[in-house]
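Step one of this worksheet: look at the structure below.
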Amino acid sequence: MEAKKATDVSDIQNEDDLDEEPGEVIESAPPLKVGEERELGTSGLQKKLLKRGYGYETPELGDEATVHYVGTLLDGTKFESTRDRDEPLTIKLGQGRVVKGLDHGVVSMKKGEIALFTLPAELGYGVVGGGGSVVPSNAVVRFEVELVSWITVVDLSKDGGIVKKIIEKGERNERPGDLDEVLVKYRVALVDGTVVAETQEEGIEFYVKDGHFCSALPKAIKTMKRGEKVRLIVQPQYAFGVEGRDANNGFHSVPPCSVLNIDLELVSFKPVIDVTGDAKVIKKVLKEGEGAWVANENASVTVSYIARLEDGTVFEKKGIDGEQPLEFITDEEQVIAGLDRAVATMKKGEQAILTIHPDFGFGSVEARRDLAVVPPHSNIVFEVEMLDFIREKAPWEMINHERLEAARRKKEDGNLLFKEGSIRKQKKSMIRVLTMLVKMEAIKLCSKVLDIEFHNVKALYRRAQAYMQVADLVLAELDIKKALEVDPQNREVKLIEKNLKRLQVESNKRDAKLYTNIFGRMTKKLKVEKVENEKR
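All the letters of the sequence shown, read from the start, carry residue numbers 1 to 536 under full-length UniProt numbering.
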């Protein structure tokens with residue numbers, strides 16, 4: 001496919017637009033029924049649905065759509081048809097390849113949909129007529145259109161320098177970041193088709209931050225999902241510029257000022273997380289865990305691991321080769337800080353490689369472990385699996401008496417730690433106490449404000465936040481509804497409403513599991529009683 005310069009990409013959608021979820025548009029018209037006709041907007045373009053399409057997605061201006069169409073006058077005279085040559089046409093939406101008004105009809109269609117569009121003269125061939133001289137001037141025309149497929153087109157660099165065409169959509173919503181390790185396949189060609197670079201069948205792995213081949217590649221990869229396949233059109237300023245590149249490292253030479261066509265697939269990636277924020281504890285996820293919960297602070301965890309020096313020497317094993325797994329409570333200084341901090345971010349079943357700096361390892365001292373000695377100032381590597389954990393309940397998960405009891409326990413723990421001289425741990429314990437109590441006080445203060453000014457959006461918002469923190473989701477929902485009645489466009493309230501919905505889903509799941517267990521125990525008890533009665 002011929003590469004195009006940046007002059008025709010002003011109508012290409014932004015990458016952010018791809019993240020918009022269906023159902024977000026407010027007060028949109030209900031979907032058309034088969035046989036129903038409606039005007040699209042106020043331009044005079046009429047659409048009649050002949051056959052429903054699939055899914056909910058529709059193309060955007062700037063995308064490349066493949067369509068079949070038949071153009072007729074109102075009296076049925078046919079003037080143009082792709083059906084006659086049995087070959088669909090690919091058009092760039094927004095350029096008016098057929099007629100300018102038709103593109104605005106196509107962007108309302110779903111894949112596989114067939115619709116009949118009626119265009120007034122100003123959206124069709126206007127005063128000059130057309131359609132091989134069959135269409136007279138100022139004629140109303142009709143197009144029966146089938147949307148066969150389309151390719152989403154995105155201007156990644158916002159200047160036409162890197163244009164991404166999505167050939168095959170990826171899975172889920174996660175995209176790799178700078179720290180992540182990616183596995184990709186690609187094929188790079190010049191405009192004349194000359195291949196200048198290509199990966200082996202198994203692909204190539206690298207860290208996004210390290211870059212690879214040309215600057216456009218990591219920029220594009222960070223916008224992709226697992227399994228996504230794209231075609232990149234890369235202008236020289238994002239490739240090898242006016243100087244080009246000599247052949248080296250297995251890559252062919254690239255002439256000066258070359259436009260590159262890159263077929264790229266993101267096969268997979270391993271998320272890499274800077275646990276401490278200073279690159280001293282790095283976690284690379286090898287296998288994702290189950291569910292949404294991580295172990296968090298003060299969780300009782302069970303892990304297995306192999307611990308190595310940087311040269312590969314194994315100095316400790318737990319839960320492997322007959323060894324018992326390690327059980328400990330996070331944030332209680334029962335293991336080295338790097339392992340402690342990283343494990344608190346893991347889900348059940350997660351497997352990860354931890355790279356730990358001496359500041360979060362064994363420091364400047366020699367450490368004698370089960371299988372080898374760890375020298376002073378050693379970087380160490382743990383290959384860890386989270387086997388199981390029991391989380392400490394967050395304040396918003398507790399009911400009132402549980403919260404007060406937890407606050408009392410934390411206070412006692414803090415007093416004991418103070419007596420033992422552990423000031424740092426005492427501070428942490430007291431912070432947890434204050435967090436629990438502050439939320440309850442916030443509810444009282446907001447309620448006093450609302451007694452005087454019942455429509456105060458800020459007070460409703462703050463009280464809803466506090467209710468969510470203490471797990472009173474019903475009252476939180478009432479406050480959010482009241483706030484949106486007063487200020488329907490309030491962004492902060494809308495965001496907290498989304499968080500509330502997520503918490504409600506999680507709460508419903510916990511309730512369902514609880515009642516399932518209760519019902520199971522009751523059923524079992526009834527069966528036992530029935531058997532005993534029959535024996536009598």
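Think of the CB as a built atom: it goes at the ideal place given N, C-alpha and C, for glycine as much as any other residue. All values derive from a computational prediction rather than experimental measurement.
| Check | Outcome |
| --- | --- |
| Residue burial classification, L371 (beta-carbon count within 10 angstroms, cutoff 16) | exposed |
| Residues that DSSP places opposite D388 in a beta bridge | T302 |
| Helix, strand or coil at R368 [DSSP, three-state] | strand |
| Helix, strand or coil at A464 according to DSSP, with G and I counted as helix | helix |
| Reduced DSSP secondary structure (H/G/I, E/B, other) of residue 544 | Given a span of 1 to 536 for the chain in the structure shown, any question on residue 544 remains unanswerable. |
| Opening and closing residue of the alpha helix (DSSP H) in which V182 lies | Taken as a continuous stretch (DSSP letters only), V182 belongs to no alpha helix (DSSP H), being part of the beta strand (DSSP E) at 181-190. |
| Within 8 Å, strictly: CB atoms of L183 and E201 | no |
| Under the three-state DSSP convention, the category D278 falls into | coil |
| Buried or exposed (CB count within 10 angstroms, at least 16 for buried), E36 | exposed |
| Neighbour-count burial assignment, A279, 16 or more Cβ in a 10 Å radius | exposed |
| Nearest-angstrom beta carbon gap, N261 and D189 [assumed within contact, 8 Å] | Per the sequence presented here, residue 189 reads as Ala, with Asp not at that position. Confirmed, about 5 Å. |
| For M468 and N490, believed in contact at Cβ under 8 Å, the rounded distance | The pair is not a contact, with the Cβ atoms about 16 Å apart (cut-off 8 Å). |
| Three or more C-beta pairs below 8 Å linking the segment 307-327 and the segment 283-294 | no |
| Pairwise C-alpha distance: V281 and S253 | 40 Å |
| Where G55 falls, given that 16 or more other Cβ within 10 Å makes a residue buried | exposed |
| Counterpart residues of A115 in DSSP-defined beta bridges | L49, V145 |
| Beta strand (DSSP E) runs wholly inside the segment 186-232, at least 3 long, in chain order | 195-198, 204-207 |
| Sub-8 Å separation of S300 and I329 beta-carbons | yes |
| Given N298 as reference, the closest of L286, Q334, L326, V272 once Cα atoms are compared | Q334 |
| Top-ranked residue by Cα proximity to V67, from K78, L445, V107 | V107 |
| Strand pairing of K287, partner residues [DSSP] | Q351 |
| First through last residue of the beta strand (DSSP E) which encompasses V267 | 260-270 |
| Extent of the continuous beta strand (DSSP E) to which A65 belongs | 64-73 |
| At least three beta-carbon pairs within less than 8 Å, the segment 167-187 to the segment 210-225 | yes |
| Residues sharing a beta bridge with E80, DSSP | G71 |
| Local Cβ density within 10 Å of Q235, reported as buried at 16 or more and exposed below that | buried |
| Short Cβ contact (8 Å threshold) for G363 with G338 | no |
| Beta-bridge pairing of E327 - partner residues as DSSP gives them | T302 |
| Contact check, K283 vs A344, beta carbons under 8 Å | no |
| Residue range of the alpha helix (DSSP H) that includes D341 | In the sequence under discussion, the amino acid at residue 341 is Arg, which differs from the Asp named in the question. Here the alpha helix (DSSP H) through R341 covers 337-343. |
| Status (buried if at least 16 other CB within 10 Å, exposed otherwise) for E228 | buried |
| N249 versus V242 - alpha carbon distance | 21 Å |
| Span of the beta strand (DSSP E) around V314 | 314-318 |
| V208 beta carbon less than 8 Å from that of P218 | yes |
| Sub-8 Å separation of residue 560 and V374 beta-carbons | An answer regarding residue 560 cannot be provided, because it is not within the stretch 1 to 536 covered by the chain. |
| Inter-residue Cα distance where the pair is N456 and G62 | 44 Å |
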